[in-house]
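Colleague: Heads up, the sequence shown is in this note's numbering, so the first residue is 611 and it goes up one at a time.
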Amino acid sequence: MKVYFTHPYSPWERPTNENTNGLLRDYFPKGTDLSVHSKTYLKKVQKELNERPRKVLDIRTPKEVFNELIIQKIAV
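#1: Could you compute how far the alpha carbon of residue 673 sits from the alpha carbon of residue 680?
#2: Can you find the residues in the same chain that come closer than 7 Å, C-beta to C-beta, to residue 684, ignoring five residues on each side of it along the sequence?
#3: Taking the alpha-carbon positions, what's the residue 635 to residue 614 distance?
#4: Can you give me the C-alpha to C-alpha distance between residue 675 and residue 646, rounded to a whole angstrom?
#5: Less than 7 Å between C-beta atoms, sequence neighbours within five positions excluded: which residues of the same chain meet that for residue 622?
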């Protein structure tokens, strides 16, 4: 697994992370206390984000990519 190091306060070095933060802001404004939300709601948001196609993943979902990686590891 490749590990990338970036500099603090340099969001341009990690655009995928910043995009994901923006997607989370659709559900939770900055500073939201997540403990006020039910576990059911948090799981719903998790499912929606993991099943949302991403351009960076060639229009595949994070769930699809994760499952492909797991299958590859099992096949080895």
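For every residue, glycine included, the Cβ atom is placed at its ideal position computed from N, Cα and C.
Modeller: In terms of the structure at hand:
#1: Rounded to the nearest angstrom, the two C-alpha atoms are 11 Å apart.
#2: Annotation for residue 684: no residue places its beta carbon closer than 7 Å to its own, counting only its chain and skipping 5 residues before and after.
#3: Those two C-alpha atoms are separated by around 24 Å.
#4: C-alpha separation (whole angstroms): 31 Å.
#5: Contacts found: none.
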